[in-house]
Amino acid sequence: MKILVCVSKTPDTTAKIAFSDNNTKFAQDGVQWIINPYDEWYALVRALELKEKDSSITLHLVTVGGADAEPIIRKALALGGDEAIRVNADNHDSFYIASQIAEVAKQGAYDLVFTGKETIDYNGSSIGGLVAELLDLPYVALATKFDLNGTTATITREIEGGEEINEVQLPLVVSCQKGMAEARIPNMRGIMAARTKPLKVVEPVAVDNLTSVVGFELPPAKSGVKLVPADQAEELVRLLHDEAKAI
Amino acid sequence: MSVLIYIDQADGHIKKASYEVLSYGSKIAEQLGTTAEGVVLGKVQDDLAGLGKYGVKKIHQVTNDNLAHLDGQVYAKVIAQVAEKTGAKVIVFSNNVDGKAIAPRLSAKLKAGLVTGAMALPDTSNGFSVKKTVFSGKAFANVAINSDIKIIALNPNAFQVTEGAGTAEVAAFEATVDAPKVKVTATNKVTGEVPLSEAEVVVSGGRGMKGPENWGMLEELAHLLGAALACSRPVADAHWRPHHEHVGQTGLAIAPNLYIAVGISGAIQHLAGVNRSKVIVVINKDPEAPFFKAADYGIVGDAFEVLPKIIAAVKKLKGA
């Protein structure tokens, strides 16, 4: 059994969002980079739990990025996993990235591909579906639970106002979100071990981008809060009804 | 050439998000000087022809037992057949749970550039670009789609539903439908509650509520307003409330008309999930709570004193 977990480098959740070069680039000054939380907390940790239950599982990580993504993938390896693959390509669209991951997945004949439900920077939520279609595999999006019994996966996925339980045969692609697993912190042994784990660098396959970012903009600032004294709380209801027309 | 709109349904009923994408896709068709057509998979109890009032001229319906439950692989293949037959150049989905399962697959199948999380109509003055949310709602990106066929997934609650006159022609579409590989063994729906992602009004509680036993007031307010309940991450992590109510950067991102936050300080990660709300109300006893900076209305005060007054005022307003 081979599992591939896709990890992406994203700005820290508290990073200041600003743009440079006439609003065409994300301003990286002083930004801390992290593993995309959905990839780390849910996809990777759930895969680690599966491997801890069944030591015959091989767990690989893949990222599509430049050399500056390596500290992130080492950090992911410190949590666990046997080896990592970095596809040496930067600044591309979701289709390009998914095509690279699909190629790695095909070469490695993985039974299971996990992604986070989306990255916290581009919020595309599309890598899993793209990879699945490129590999012609089933895909379950927005999974909150995942269990394996032989080659049968039992997955809980989010639907509007509830959840649905799915049963699917491997091989399979799954996007993971809250509920799959609890966040972990790498320990010193893991960090030491990660230094010597294999990190393969492969060159990308030729693929065209289908989309390109033209520019960024920030939302208009709020005009300021209108405060209502606590002892006149009913005035708030009047304002919401008459002024904001929200209730 | 046409604009093809995916009409999402559950249990035979058209989802609210579908009215939004129908309005949105019809406007795009107008913009491009073409017609808007819809595609719906499975049997529907609601009146399909009536959806013409949102601007759609023709609806292709595929009914087949293999479409009883969502399997993105099967659905995408069917929609691709409809897209090919109708010569669709723009295909529109809602960026909801089903849209997220189908749209990327269709994008890979048709080599059609995809923009998810769209916020506004495309700009077709110079090429074709779509404004989408990025950085979890903290910014927008204008993304150009460079492929011949373009797919857009519209954020829920981002586009105003517009109604006019007209009925749509409903036609059965004969498609090859594969057997699903995803088997649905159970569906658990929280009944009697408004789904959080579709709610117009959301009442949300944070650590300031002090404990799960104090949620009664929030439940009462939500009930009066026809609102959905939400909570902050610490509340979900402490198991005061179920995880599916967690809104924020790592939870659900929502965009209701009204978001009422009680006892939530407004950490940047929480704001990321709610800052697309049209009106934000913050009730917090700490005047320095960062949430007030992002709010439209606020009350600095103790939730346990303020909420009963608000509930009484809403009751009076609603004549209850």
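Line by line, the protein sequences are chains A and X. Note that numbering that gives the first Met the number 0 numbers the first sequence so that position 26 is 25, with each residue one more than the last. Note that numbering that gives the first Met the number 0 numbers the second sequence so that position 219 is 218, with each residue one more than the last. Glycine is no exception: its CB is placed at the ideal position from the N, C-alpha and C atoms. Only a predicted model underlies this, so the values are computations on that prediction, with no experimental measurement involved.
| Asked | Found |
| --- | --- |
| Limits of the alpha helix (DSSP H) - the one that D97 (chain X) falls within | 96-109 |
| Residue from X:N283, X:D295, X:I13, X:S146 with nearest C-alpha to G207 (chain X) | X:N283 |
| Bridge partner(s) assigned by DSSP for A152 (chain A) | A:L147, A:V167 |
| Residues near V305 (chain X) in its chain [Cβ-Cβ closer than 6 Å; skip 5 each side] | I282, I298 |
| Of the residues A:E233, A:F215, A:S222, the one placed nearest S19 (chain A), counting alpha carbons only | A:F215 |
| Reference L111 (chain A), options A:T13, A:L147, A:E157, A:K15, closest by Cα | A:L147 |
| Chain-ordered neighbours of T114 (chain A) on chain X, where CB pairs are closer than 8 Å | Near T114 (chain A) there are no residues of chain X at all, since even the closest Cβ is about 11 Å away, more than 8 Å. |
| Interface flag, W32 (chain A) vs chain X, CB-CB below 9 Å | no |
| First and last residue of the uninterrupted beta strand (DSSP E) at Q31 (chain A) | Here Q31 (chain A) belongs to no beta strand (DSSP E), and DSSP marks it neither H nor E. |
| Given R275 (chain X) as reference, the closest of X:P155, X:T166, X:S1 once Cα atoms are compared | X:P155 |
| Residue(s) in a DSSP beta bridge with Q248 (chain X) | DSSP output for Q248 (chain X) lists no bridge partner at all. |
| For F303 (chain X) and F92 (chain X), the rounded distance between their alpha carbons | 42 Å |
| Chain A contact residues for P339 (chain X), given Cβ-Cβ distances below 7 Å | Here chain X comprises residues numbered 0 to 319, so residue 339 (chain X) is not present and cannot be evaluated. |
| Reduced DSSP category for L120 (chain X) - H, G, I as helix; E, B as strand; rest coil | coil |
| Chain X contacts from the segment 213-228 of chain A (Cβ-Cβ distance under 9 Å) | V213, G214, F215, E216, L217, P218, K221, S222, G223, V224, K225, L226, V227, P228 |
| Residues of the segment 104-128 of chain A with Cβ closer than 9 Å to any Cβ of chain X, in chain order | K116, E117, I119, D120, Y121, N122, G123, S124, S125, I126, G127, G128 |
| Partners in chain A for A293 (chain X), counting only beta-carbon separations shorter than 7 Å | K221 |
| Any chain A beta carbon closer than 9 Å to K188 (chain X) | yes |
| Check whether A294 (chain X) and V236 (chain A) have beta carbons under 9 Å apart | no |
| Contacting residues, own chain, Cβ-Cβ under 6 Å from A221 (chain X) (five flanking each side not counted) | V202, L228 |
| Contact under 9 Å by Cβ, F158 (chain X) with V38 (chain X) | no |
| Beta-carbon proximity of V278 (chain X) to N122 (chain A), cut-off 9 Å | no |
| Simplified DSSP state of A16 (chain X), which is helix, strand or coil | helix |
| Distance, G247 (chain X) Cα to L141 (chain A) Cα | 16 Å |
| Inter-residue CB distance, L3 (chain X) and E29 (chain X) (contact presumed, cutoff 8 Å) | Contact doesn't hold; Cβ gap of about 15 Å is too wide. |
| Any C-beta of chain X under 9 Å from that of V97 (chain A) | Reading off the sequence shown, one finds Ala at residue 97 (chain A), where the question assumed Val. Closer than 9 Å: yes. |
| Outcome for P219 (chain A) when other beta-carbon atoms lying within 10 angstroms are tallied against a minimum of 16 | exposed |
| Inter-stretch contact (C-beta, 8 Å, three-pair minimum) for the segment 198-209 of chain A and the segment 266-275 of chain X | no |
| 9 Å Cβ cut-off: residues of chain X touching E102 (chain A) | Within 9 Å Cβ-Cβ: nothing; E102 (chain A) doesn't reach chain X, min ~13 Å. |
| Cα-Cα separation, V89 (chain X) to V55 (chain X) | 14 Å |
| Straight-line Cα distance separating T34 (chain X) from D97 (chain X) | 24 Å |
| Closest residue to V200 (chain X) among A:A245, A:A180, A:E234, A:R156 (Cα-Cα distance) | A:A245 |
| C-beta neighbour in chain X for S211 (chain A), strict 9 Å | yes |
| Where the beta strand (DSSP E) containing A140 (chain X) begins and where it ends | 138-144 |
| Test: L50 (chain X) CB closer than 9 Å to a CB of chain A | no |
| Secondary structure of L141 (chain A), DSSP reduced to three states | strand |
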